[in-house]
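If you count by the working numbering, then the sequence shown holds residues 12 to 150, one letter each, in order. Here a beta-carbon is modelled for each residue, glycine too, at the ideal position from N, C-alpha and C.
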Amino acid sequence: IFKKYNCPFNKNFEYSGGSDSHFFRGLYNDKYIIKWTNDAIVYETISDERLSIRWNLLRIFRVGNCYAISLKINKDYKKIIEKFFKATISILVASVIIIPATVLFILRYKKLFIRRIRRISKSFGFICGVLGYQYLEYK
Numbered sequence: 012i013f014k015k016y017n018c019p020f021n022k023n024f025e026y027s028g029g030s031d032s033h034f035f036r037g038l039y040n041d042k043y044i045i046k047w048t049n050d051a052i053v054y055e056t057i058s059d060e061r062l063s064i065r066w067n068l069l070r071i072f073r074v075g076n077c078y079a080i081s082l083k084i085n086k087d088y089k090k091i092i093e094k095f096f097k098a099t100i101s102i103l104v105a106s107v108i109i110i111p112a113t114v115l116f117i118l119r120y121k122k123l124f125i126r127r128i129r130r131i132s133k134s135f136g137f138i139c140g141v142l143g144y145q146y147l148e149y150k
């Protein structure tokens with residue numbers, strides 16, 4: 012695999028992150044099989060900063076943003092248009108739902124509220140990426 016992909020981690024993602032997702036998406040598109048295992052042991056230290064709502068919203072914004080940039084690099088214009096319209100509709104629907112979801116959050120349903128906020132953030136990140144903005148989290 013690494014002989015075919017001599018530079019698997021695209022430099023366009025150097026300061027934004029997402030090069031791993033871009034690489035694995037390419038492998039998937041090239042029909043490579045990627046498997047998951049529950050037996051792998053991974054350790055990661057998570058800083059207190061990552062526990063904040065702000066960091067999590069920016070993180071999911073970056074996920075949407077990097078996905079759009081990855082599609083642009085691959086010139087997958089059909090998917091860009093499809094996802095752009097879905098993201099726009101998602102923002103509109105989630106924005107309408109957010110007011111009742113806020114009330115429900117206060118009363119009981121935290122997951123619904125959090126899902127809607129994350130969907131807005133990810134969709135907004137995607138739209139920004141399509142329009143040329145790249146969020147540079149690591150710069």
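With distances taken Cα to Cα, identify the nearest neighbour of residue i among the options.
i: residue 129; options: 96, 149, 75; result: 75
i: residue 64; options: 46, 105, 132; result: 132
i: residue 29; options: 135, 110, 70; result: 70
i: residue 83; options: 21, 13, 150; result: 21
i: residue 108; options: 60, 127, 146, 45; result: 127
i: residue 79; options: 94, 68, 67; result: 94
i: residue 144; options: 14, 37, 23, 13; result: 23
i: residue 87; options: 120, 141, 101; result: 141
i: residue 16; options: 33, 26, 25, 27; result: 33
i: residue 6; options: 27, 26, 31; result: No statement about residue 6 is possible, as the shown extent of the chain runs from 12 to 150 and does not include it.
i: residue 134; options: 42, 67, 100; result: 100
i: residue 25; options: 48, 41, 81, 56; result: 81
i: residue 124; options: 14, 59, 27, 68; result: 68
i: residue 41; options: 104, 96, 12; result: 12
Go to residue i, then tell me how far its alpha helix (DSSP H) extends in each direction, as first and last residue.
i: residue 53; result: Looking at the DSSP string, residue 53 is not in any alpha helix (DSSP H), and its letter there is neither H nor E.
i: residue 139; result: 121–141
i: residue 31; result: 30–40
i: residue 67; result: 64–84
Under 8 Å by Cβ, that's how I've got residue i and residue j pegged, so tell me the actual separation to the nearest angstrom.
i: residue 35; j: residue 98; result: Not a contact, Cβ separation roughly 21 Å.
i: residue 72; j: residue 146; result: 6 Å
The ligand GTP and residue i: does the residue's C-beta get closer than 7 Å to at least one heavy atom of that ligand?
i: residue 107; result: Ligands are entirely absent from the displayed structure, and the ligand GTP is therefore not among its contents.
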